[in-house]
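Taking the UniProt record's numbering, the leading residue of the sequence shown gets 1, the next gets one more, and so forth.
Contents: one structure, followed by commentary.
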Amino acid sequence: MGQFRPIDLCNTVVKVISKALARRLKNFLPYVICETQSAFIPNHFITDNILLAYEAHHVIKNKKTGRDGFMSIKLDMFKAYDRVEWSFMKAMLIHLGFGANWVSLIVSYVEFVTYSLLINGEQVGGELSGLTMGNVLQPLSHIMFAYDTLLLGKASIEEAQTIKRIMCLYEQWSRQSVNVQKSTNIFSPNVELWSIPTYTMQFLKLPTQVYKEIDTLLSNYWWGSDTKNKKIHWISWTTLCKSKEEGGLGFRKAQDFNNALLCKQAWRLLTDPNSTLALTYKARYFPNGSFLTAELGTKPSYTWCSLLSIRDLINKGTKWELGNGKNINIWKQRWVNHTQSNMLITPCDADFKDFMVSNLIDEDIGVWKVDLVRSLFFPIVSEAILQISLSHLDRVDIP
């Protein structure tokens with residue numbers, strides 16, 4: 001199927017009905033697709049599975065003692081959708097409890113699909129029950145001139161590596177060499193220069209030297225400079241990375257972008273504590289605490305080290321949501337909205353250094369111990385504390 005360009009010729013009625021079926025089925029997908037499947041389910045992300053796989057392989061790598069060893073097998077389904085057995089799909093829908101009418105509708109939209117081949121705008125061979133024809137419609141991959149060759153393809157890592165491998169073989173076999181100075185590349189407007197480093201930055205903290213190299217490459221590309229032809233950088237990269245309102249162009253520094261992507265992953269550990277990823281990290285690194293209080297642990301994976309490296313950055317913009325107050329240390333954790341950092345500006349009294357917020361609450365009547373609060377904190381802080389609602393004393397604190 002990848003060798004052709006299929007065009008959907010379904011009429012409007014078919015599209016409307018199929019859309020209605022898909023929307024109704026969407027509500028039941030969380031009940032029939034397991035937690036470890038990252039596709040098709042809202043709030044399920046492939047990045048979770050990547051982090052889980054990295055963590056699992058870290059455990060396998062460090063399994064050096066004991067009788068039983070670990071292994072992993074990576075399986076890839078060739079053309080997974082095109083090779084689904086229709087009878088199997090129908091049996092599975094029935095097994096999952098869907099009604100006969102519903103199953104019949106779904107199967108009818110899958111089984112009764114036909115294919116026709118158009119060459120130069122004319123139908124050839126009539127309707128086909130399968131794609132058994134030869135390589136008639138190969139996508140354009142290259143154009144060869146007298147002394148030049150134009151290669152065409154997707155802007156992806158895989159195709160770039162394939163082209164590089166082919167060129168190396170060509171140079172070895174023919175003893176010719178590509179003239180790099182007269183060669184160039186052109187990308188379509190929707191190709192983002194960040195696409196390659198972004199993938200790694202989502203899970204790993206890059207070394208400082210790598211940040212510098214990425215920033216240098218992007219800056220050189222912007223000014224048209226390379227190893228052979230040096231160009232003047234009329235404006236510093238730091239200035240270009242400022243917002244347009246501040247006189248820059250809104251580019252992103254590699255380190256800031258890496259931190260932002262890692263913060264996104266860490267934030268999901270806090271906001272979705274019941275996800276498979278969060279439960280796995282909790283069992284391994286903080287079984288009796290939370291991500292905000294977790295320690296590095298013994299033999300941590302590099303992904304875990306990366307997430308912990310930006311925890312202080314998350315802490316600057318977060319605070320605890322008060323419940324019963326039994327998990328919040330009044331001095332060490334952020335829980336009061338009175339400063340930009342949410343940290344207490346009152347000096348810590350040595351006699352109360354282990355005080356929890358629950359010690360400031362009269363649990364019998366559900367109100368603050370006003371005299372104690374005012375004796376421990378500066379007036380501006382005590383007033384901010386006394387304004388915090390105590391309407392959720394029946395639940396635990398939420399980080």
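Glycine included, C-beta positions come from ideal geometry on N, C-alpha and C.
- Counting only the Cα atoms, ASN315 lies some 27 angstroms from LYS369.
- Annotated three-state conformation of ASP226 is coil, per DSSP.
- Minimum Cα-Cα distance from ASP349 among the listed residues ILE398, GLN161, ILE330, GLU171 corresponds to ILE330.
- Closest option to THR303, judged by alpha-carbon separation, among LYS205, CYS168, PRO30: LYS205.
- The C-beta distance from ASN324 to SER358 rounds to 6 angstroms, short enough to meet the 8 angstroms contact threshold.
- The continuous stretches of alpha helix (DSSP H) do not include HIS233, and DSSP gives it neither H nor E.
- Taken through DSSP and simplified to helix, strand or coil, ASN43 comes out as coil.
- By the Cβ criterion, the segment 278-286 is not in contact with the segment 239-255, since fewer than three pairs of Cβ atoms, one from each stretch, lie closer than 8 angstroms.
- One Cα belongs to ILE388, the other to GLU321, and the distance between them is close to 10 angstroms.
- Less than 8 angstroms separates the beta-carbon of LYS231 from that of TRP223.
- Judged by their CB atoms, LEU277 and LEU51 are nearer to each other than the 8 angstroms cut-off.
- Under the DSSP definition of a beta bridge, GLU321 partners with ILE398.
- At the C-beta level, ASN62 and LYS299 come within 8 angstroms of one another.
- PRO197 places its beta carbon 8 angstroms or farther from that of ALA160.
- Under the three-state reduction of DSSP output, TRP304 falls in the helix class.
- Residue pairing from DSSP places ILE361 in a beta bridge opposite TRP368.
- DSSP places LYS19 inside the alpha helix (DSSP H), whose first and last residues are 12-26.
- Here HIS95 is exposed: its Cβ has fewer than 16 other Cβ atoms, across all protein chains shown, within 10 Å.
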